[in-house]
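Since the structure comes first, as structure tokens, the remarks are kept for the end.
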Amino acid sequence: MRRMRTGILYNISLPANYSGIQVSVVRLRTARLWLRGANFSFFDIPPRRLPHPFSRRLLIVYQNLGNLSGFYYSVPNHTFVTPVIGLLAYDTNTSRMVKFNITRDPILVHFPLVSGVGDTNITAMKCVRFGTNGEVEFSNLTVANKCIARGQGHFSIVIPSQPLQPPVPSPSNKSKVRDWKWWVIGFGVGIGGLILLVMTVILLYKLIRKKRIAKMERQSEKSEVLGTTWVGPSRMPSATGIRTQPVIENSYVP
């Protein structure tokens, strides 16, 4: 880093397992950043910006995660339509991360590529920022492929994920589905008819039985009512006593 010239953007070579990721760095004096700002890579930092905590010299790191964007970051129910690009700043003396003190004009982020977006999805696109502390922030696009940022971190453009559509059944499958539906309907109607028949038989049986009991009660009311008498400790039925008048079989009296 000591051999780097101030104000020159340098590309950093990465190991093979990070192929697809691009990293570049630039070394700046804070005084120059204050007077001119910084317009490197995908970020436009306006003038009148100071690092916090304050540092006289800065090392600004630019990242493009490329096709590994989804490996490092994800947004639930959303899909990336641009690579995730990053902006980080460090104190060159202590290697401590610093933040930009942004009070007025924000940082402008312009993305290199927007893929897989139709005209119907342009209005649904959102800027997303992944902060250094893990926070996720959404905002609207300012112009095509451009977002604004009020802090450093990693940035991308996303759209809501489309729900999976069920497969359209083929004509043969449609006929099978239709036959299956009719079979289910017929089975249900048959079961319902059987239940109705059983209930009808039960109701008829109860009605006939009730009529028979009523008829027997009416007949018993018409018959002679037996009296009751006590024989010891038991109560027993007894008929009404009718004295039979004696009849002389022969009128001859000796």
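Throughout, my numbering is defined as the position within the sequence shown, counted from one, plus 17.
All C-beta atoms, glycine included, are put in the ideal place defined by N, C-alpha and C.
- Annotated three-state conformation of Y90 is coil, per DSSP.
- Taking C-alpha positions only, V175 is separated from W51 by approximately 32 Å.
- Judged by DSSP secondary structure, A48 falls within the alpha helix (DSSP H) whose first and last residues are 47–53.
- Comparing alpha carbon positions, the residue from K223, Y27, A161 closest to S58 is Y27.
- Under DSSP, G170 takes part in a beta bridge, and its partners are L104.
- Boundaries of the beta strand (DSSP E) around M114: 114–118.
- A direct Cα-to-Cα measurement between N157 and K143 gives close to 5 Å.
- Per the Cβ contact rule, the region 63–74 is not in contact with the region 95–102 (fewer than 3 Cβ pairs under 8 Å).
- From the listed residues E152, R167, P129, the smallest Cα separation to A161 is found for P129.
- Taking L45 as reference, the option from P93, P32, N110 with the minimal CA-CA separation is N110.
- By the criterion of a C-beta distance shorter than 7 Å, L105 is surrounded in its chain by V78, M114, Q169, once the five residues flanking it on both sides are discounted.
- Within the same chain, F97, P100, V101 come within 6 Å of S86 by CB-CB distance, once the 5 residues on both sides are set aside.
- The residues P123, I124, V126, R146, F172, in chain order, have a CB closer than 7 Å to that of A166 in the same chain once the five nearest residues on each side in sequence are set aside.
- Checking the DSSP bridge columns, you'll see Q39 partnered with N81.
- For E154, the enclosing beta strand (DSSP E) starts and ends at 153–156.
- V201 sits in a helix when the DSSP states are folded into three classes.
- The beta carbon of I119 sits closer than 8 Å to those of R66, R167, G168, all from its chain and outside the five residues before and after it, given in chain order.
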